[in-house]
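Working notes, beginning with the structure itself.
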Amino acid sequence: MSAALSLVDLHKSFGLTQIIRGLSLEVAAGERHAIIGPNGAGKSTLFHLISGRLKPTSGEIRLNGERIGGLRPYEINRRGLARSFQVTNIFPKLSVYENLRCAALWSLGHKYSFWTRIEGLRDARARAESLMERIGLTARRDAPAGVLSYAEQRALEIGVTIAGDADVIMLDEPTAGMNNTETEQAVALIRKVTEGKTLVMVEHDMGVVFGLADRISVLVYGQIIACDTPARIRENDAVREAYLGQAGH
Amino acid sequence: MTSTILRALSPWLLLALLFALAPQAFPSASALTMMSVMGVMIIFALSYNILLGQTGLLSFGHAVYYGLGGFVTIHAMNAIIHAKLNLPAPFLPLIGGLAGLAFGALFGLVSTKRAGIVFSMISLGLGELVSSSSFILRSFFGGEEGITTNRTKLAPFFGHKFGPQIEVYYLVAVWCFVCIVAMYALTRTPFGRMCNAVRDNPERAEFIGYSPRMLRFISFCFAAFFAGVAGGLAVLNFEIMNAQQLGAQQSSLVLVMAYVGGAGFFFGPIIGAVIMTFLQITLSDLTSAWQLYFGLLFIAVVLYAPGGVAGWLMLHAEAARRGELWRLAPAYALIAPAFAAGLIGAVMIVELAHHLFDQALDEGSAMRLFGVDVDAASMAPWLVALLLLGAGIGLGRLLWPRVGDAWGVVAARLNRAAAA
Chain U
1 MSAALSLVDL HKSFGLTQII RGLSLEVAAG ERHAIIGPNG AGKSTLFHLI SGRLKPTSGE
61 IRLNGERIGG LRPYEINRRG LARSFQVTNI FPKLSVYENL RCAALWSLGH KYSFWTRIEG
121 LRDARARAES LMERIGLTAR RDAPAGVLSY AEQRALEIGV TIAGDADVIM LDEPTAGMNN
181 TETEQAVALI RKVTEGKTLV MVEHDMGVVF GLADRISVLV YGQIIACDTP ARIRENDAVR
241 EAYLGQAGH
Chain C
250 MTSTILRALS PWLLLALLFA LAPQAFPSAS ALTMMSVMGV MIIFALSYNI LLGQTGLLSF
310 GHAVYYGLGG FVTIHAMNAI IHAKLNLPAP FLPLIGGLAG LAFGALFGLV STKRAGIVFS
370 MISLGLGELV SSSSFILRSF FGGEEGITTN RTKLAPFFGH KFGPQIEVYY LVAVWCFVCI
430 VAMYALTRTP FGRMCNAVRD NPERAEFIGY SPRMLRFISF CFAAFFAGVA GGLAVLNFEI
490 MNAQQLGAQQ SSLVLVMAYV GGAGFFFGPI IGAVIMTFLQ ITLSDLTSAW QLYFGLLFIA
550 VVLYAPGGVA GWLMLHAEAA RRGELWRLAP AYALIAPAFA AGLIGAVMIV ELAHHLFDQA
610 LDEGSAMRLF GVDVDAASMA PWLVALLLLG AGIGLGRLLW PRVGDAWGVV AARLNRAAAA
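In order, the protein sequence lines correspond to chains U and C. Quick note: the first sequence uses this note's numbering, first residue 1, plus one each step. Quick note: the second sequence uses this note's numbering, first residue 250, plus one each step.
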């Protein structure tokens, strides 16, 4: 399989502090890849670098073979990469439906259109309605996103992320703060909505990681110390010492 | 199908009817002048709300585009008259709009790079820059006197030369109606929705494919275009344009209009423009301290009704729609006298102070207040004013929980009804 995402010798420093130190990684198209590591390992920074929120100090980031390092987030999104956030990041005053419709507009080619009536856009309506159903928020269609429960907001966050039909989906701790039932529902949702897509995920819940991922990369102090299948990662002594042992798994 | 279309069009038909029939209800010359000004201000306030309410950009210099649109229109108008071109008055606001758009695109390149405080400060700086330029570039801005024109010298439009105020009123009304429809339609486009999205969360907008800066820039250009149209109409109405029209005072006025009316609702600035224009014209006839009342009204809205008049109306409209409004009536009836007493006391203090410290030197301390002769230098009117204000505030604080309780009951019933 060709690489959907490839990182080559990636570095990121803030002043003298190196956060990402020569990181290289390839994620194949259609793969579900999880990135795990202790707090402060650089997982969120890595997400920010790939999605354009931060610019790398050096190194290369390629999306489907095209260099995207240093591009603005919207330029990267238009090339087919979408991400969610650790802290819910939606449009709180817009309704659930409007959140999803807005998130679908660019990918459907409506861009900055000020000459078409949004209510007349059947494709945007169809996509928003189908997404609402898939994330289980049809009953909350007209509720402002800001008043939804935490689990509903996390589901909407995933909905907004996938609404643009990007090939590569990045989810930053999608089950953070959820109870067991909510986590199970979230995992089922992620499995359903990312079918056929490339998924890169940062997650602390090892049950979720080992249940979902095809491959796992272990990030410690800005470097990947292991990258393998869940079964092999579980047996890797270096990983157990650096991370899993600490987590008590 | 037909009934759906009719239902969708009915607010617009009503609005058109209102514009058409207003002169029949208020035929006096002063009313026609006031309604013409209201029409201009409605466009101006709605254009401002493209920035504030739709895109979340707090501008302190929006009058720049109103004023520059007006100045370009008045120069174009004088040139058209001089060259005897066959371009009648109804088309001239378009020149103002295009001028507003051109300056909006130019200044927007700088100011829309960032939102929030940075945008506000740049808008303030640009406003001051253009305002102070008006005293340097005298040939364009006409110095303190401004530039004058005569609309009747333009080519007639189907026999109309727009001399009588009624003809100007209808010209303003048609433009006002078209602009309201256009600006409303803009909010119902992908671009309009994304302006709301970028207002709520610019970072998220960037991660769904949109450049927040581009959205802000386009929004800024639209706002400047409609402000320019308003400036062009103001030229046709007043036949003069001066530097005051693009200064900080005019920029503050449009902010107050949008905020008092309710920036969160499309029709809010329309209400704000109507109220503020009415107050501006009528209050300035009653008292020379009228600007102080504007300030007090603005503070009161910010503190007690942040949704503006439109927000307040919508709150009550929902209660009325569900038949719950009557539950509020007793609490309102209780607090109304306290509110009236406080208001009268506050107005008395403002007027007494204004007379004593501003006008007493020339006119003496005797004055007429609410139809009663009083001496602003004596204790009695001050005591009465303080007593009324104190009683208003005291009773208001005492009775306000009743209003809160009544609203609590209504809100609970509305929530239950919504859930059902």
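Using N, Cα and C, we set each Cβ at its ideal position, and we do this for glycine too.
Skipping 5 residues on each side, what residues in its chain have a beta carbon closer than 6 Å to that of residue i?
i: residue 70 of chain U; result: 55
i: residue 401 of chain C; result: 410 and 412
i: residue 214 of chain U; result: 31 and 32
i: residue 530 of chain C; result: 283
i: residue 249 of chain U; result: Any reading at residue 249 of chain U must be qualified, since the residue scores a pLDDT of 43, below 50, and its modelled position is unreliable; no value is offered.
i: residue 256 of chain C; result: none
i: residue 644 of chain C; result: 587
i: residue 383 of chain C; result: 390 and 492
i: residue 247 of chain U; result: Because the pLDDT at residue 247 of chain U is just 48, under 50, the model does not fix this residue reliably, and the point stays unresolved.
i: residue 543 of chain C; result: none
i: residue 568 of chain C; result: 574 and 659
Among the residues of its own chain, which have a CB less than 7 Å from the CB of residue i, if the five just before and after it don't count?
i: residue 12 of chain U; result: 19, 20, 45, 49, 54, 56 and 57
i: residue 339 of chain C; result: 406 and 420
i: residue 99 of chain U; result: 90, 91, 145, 156 and 160
i: residue 337 of chain C; result: 403, 404, 405 and 406
i: residue 445 of chain C; result: 303
i: residue 209 of chain U; result: 34, 36, 203 and 216
i: residue 103 of chain U; result: 160, 163 and 164
i: residue 515 of chain C; result: 433 and 436
Who does residue i pair with in a DSSP beta bridge?
i: residue 638 of chain C; result: Residue 638 of chain C is not bridged to any residue.
i: residue 105 of chain U; result: Residue 105 of chain U pairs with nothing; no bridge assigned.
i: residue 228 of chain U; result: U:216
i: residue 26 of chain U; result: U:6
i: residue 20 of chain U; result: U:12
i: residue 95 of chain U; result: U:144
i: residue 170 of chain U; result: U:83 and U:200
i: residue 32 of chain U; result: U:199
Measuring alpha carbon to alpha carbon, tell me which residue in the options is nearest residue i.
i: residue 341 of chain C; options: C:279, C:411 and C:280; result: C:411
i: residue 650 of chain C; options: C:613, C:591 and C:577; result: C:577
i: residue 2 of chain U; options: U:232, U:123, U:66 and U:141; result: U:66
i: residue 395 of chain C; options: C:642, C:314, C:463 and C:494; result: C:494
i: residue 265 of chain C; options: C:423, C:398, C:508 and C:289; result: C:423
i: residue 24 of chain U; options: U:169, U:167 and U:219; result: U:219
i: residue 297 of chain C; options: C:287, C:315, C:280 and C:288; result: C:315
i: residue 663 of chain C; options: C:605, C:566 and C:637; result: C:566
i: residue 277 of chain C; options: C:591, C:332 and C:418; result: C:418
i: residue 105 of chain U; options: C:560, C:629 and C:440; result: C:440
Using a Cβ cut-off of 7 Å, pull out every chain U residue sitting near residue i, in sequence order please.
i: residue 508 of chain C; result: Under the 7 Å cutoff, chain U gives no residues; its nearest Cβ is about 17 Å from residue 508 of chain C.
i: residue 458 of chain C; result: 74, 77, 78, 106, 107 and 164
i: residue 563 of chain C; result: Those do not exist, as residue 563 of chain C stays about 15 Å from chain U at its closest Cβ, beyond 7 Å.
Could you name the residues of the same chain whose beta carbon sits closer than 8 Å to that of residue i, not counting the 5 residues immediately before and after it, in chain order?
i: residue 130 of chain U; result: none
i: residue 377 of chain C; result: 310 and 497
i: residue 325 of chain C; result: 341 and 344
Which bits of chain C does residue i rub up against, with CB to CB less than 7 Å?
i: residue 93 of chain U; result: 449
i: residue 116 of chain U; result: 438 and 439
i: residue 103 of chain U; result: 457
Could you work out which residues of chain C lie near residue i, taking near to mean beta carbons separated by less than 8 Å?
i: residue 256 of chain U; result: One cannot answer for residue 256 of chain U here, as it falls past the ends of chain U, which runs 1 to 249.
i: residue 82 of chain U; result: 456 and 457
i: residue 66 of chain U; result: The premise fails here: residue 66 of chain U is roughly 16 Å from chain C at the closest Cβ pair, so nothing lies under 8 Å.
Which chain C residues sit within Cβ distance under 9 Å of residue i?
i: residue 89 of chain U; result: 450, 452, 453 and 456
i: residue 152 of chain U; result: Under the 9 Å cutoff, chain C gives no residues; its nearest Cβ is about 16 Å from residue 152 of chain U.
i: residue 160 of chain U; result: 453, 456 and 457
i: residue 51 of chain U; result: 456
i: residue 119 of chain U; result: 437
i: residue 98 of chain U; result: 442, 445 and 446
Any Cβ of chain A within less than 8 Å of the Cβ of residue i?
i: residue 442 of chain C; result: No chain A is present in this structure, whose protein chains are U and C.
In chain U, which residues lie less than 8 Å from residue i when you measure between Cβ atoms?
i: residue 299 of chain C; result: Correct list: empty, because the minimum Cβ distance to chain U is about 11 Å.
i: residue 435 of chain C; result: 114
i: residue 467 of chain C; result: 112 and 114
i: residue 525 of chain C; result: The premise fails here: residue 525 of chain C is roughly 26 Å from chain U at the closest Cβ pair, so nothing lies under 8 Å.
i: residue 463 of chain C; result: 112
In chain U, which residues lie with their C-beta within 9 Å of the C-beta of residue i?
i: residue 432 of chain C; result: Neighbours of residue 432 of chain C on chain U: none; closest Cβ ~11 Å, over 9 Å.
At which residue ranges does the region 558 to 618 of chain C contain complete alpha helix (DSSP H) runs of 4 or more residues, listed in the order of the chain? 578 to 603 and 609 to 612
So within the region 459 to 509 of chain C, which uninterrupted alpha helix (DSSP H) runs reach at least 4 residues, ignoring any that extend past its ends? 461 to 487
3 or more residues per run - each beta strand (DSSP E) lying fully within the region 50 to 86 of chain U: 58 to 63 and 81 to 83
In chain order, which continuous runs of the beta strand (DSSP E) of length 3 or greater are located wholly inside the region 515 to 550 of chain C? none
Curious, which full-length alpha helix (DSSP H) runs of at least 4 residues does the region 407 to 453 of chain C contain? 414 to 436 and 439 to 449
3 or more residues per run - each beta strand (DSSP E) lying fully within the region 347 to 396 of chain C: none
Ordered list of alpha helix (DSSP H) runs contained in the region 265 to 306 of chain C, each at least 4 residues: 278 to 298
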